[in-house]
Amino acid sequence: MPLRPAERGRAGALLRACLLALTLGAPLAAAAGDDISAAEHAVFLDEHLRGLDDRHRLRYDFVLRENAVAVVEDTVTLDVRHDADRGRVVNAEFLHGENQLSLPEVDHAEANPVVLYFLERDVREMRRRLGGMENYFRKRIRLALADDAGIEPVTFEYRGRRIQGSRVAVDPYRGDPNQHRFRGMDSKRYEFTLSEQVPGGIYRLRTSVEPPAGAEGPRIEEVLTLSDSEP
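Structure, rendered in structure tokens:
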């Protein structure tokens, strides 16, 4: 179901992100008056889609690697178009088959919703693996981005060009009071690689789980990487 447009400006941008978060169950749930950390702004509120053509398609490659499990490779496609009444509209095909995520069309999009889609899949997977409530995982990610996220400059290659960008990284479950229930997943790390120099503003989203040195436990990596774009 399309989302309603929100007012312009900073409060409007945050409200739109909140509405999308509520629709998808994603982590951003701050009130418009809350202080927004630099990491939250970079990940959820920057105008990643600024400058895209009237019709634009963004393609991402998805890879899931896990010890003792076959590698999963899939794709994500975002179609972006402009509408006289609905502003910038985004329609997504997020993975396929049993992994496919059913998603609403997004009206008046400014930030790239692929971040929220990726995180929505993540919290559903965490619930599937560990039980518990999806909202608990969402809250931990949200708080980590608000309070503990680091941002560092990075350089990477995209389509043969050297790109300057930034990376936001968080470890939302370290020190969690329910750590004993995480079955080795408490080391999970989230990385968001961003740049205004790539279409859609999001180059790579990655989560990884690594057991401590010498310890047994799950090794899991999920990576979503921008592979192509076309008007």
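Numbering-wise (this note's numbering), the sequence shown opens with residue 245 and increments by one.
We put the CB at the ideal spot given by N, CA and C, even for glycine.
message = Among Glu291, Leu374, Glu364 and Gly445, whose alpha-carbon lies nearest the alpha-carbon of Tyr402?
response = Distances from the CA of Tyr402 to each of Glu291, Leu374, Glu364 and Gly445 were compared; the closest alpha carbon is that of Gly445.
task = Thinking Ile395 and Val412 are a contact (beta carbons under 8 Å), I'd like their distance in whole angstroms, please.
result = So it is a contact: roughly 5 Å between Cβ atoms.
query = Straight-line CA distance for Leu374 to Arg325?
reply = Near 38 Å, if we compare the C-alpha coordinates of Arg325 and Leu374.
inquiry  = My output table needs one value for Gln408: the three-state DSSP class, helix, strand or coil.
reply    = In this structure, Gln408 counts as strand in the three-state DSSP scheme.
inquiry  = I'd like the list of long-range same chain contacts for Glu454, defined as Cβ closer than 7 Å, with 5 residues on each side in sequence excluded.
reply    = Ser431 and Arg463
Short Cβ contact (8 Å threshold) for Pro421 with Tyr434 = No, they are not a contact pair.
request  = Please list, in chain order, all residues of the same chain as Asp279 whose beta carbon is under 7 Å from its beta carbon, the five residues on each side excluded.
outcome  = none
key: Contact check, Leu468 vs Phe400, beta carbons under 8 Å   = Not a contact, by the Cβ cut-off of 8 Å.
query = Would Glu466 be called buried (16 or more neighbouring beta carbons within 10 Å of its own) or exposed?
reply = buried
inquiry  = Taking its Cβ as the centre, do 16 or more other Cβ atoms sit within 10 Å of Glu346, making it buried, or is it exposed?
reply    = Looking at the sequence provided, one finds Ser at residue 346 rather than Glu. So Ser346 ends up on the exposed side.
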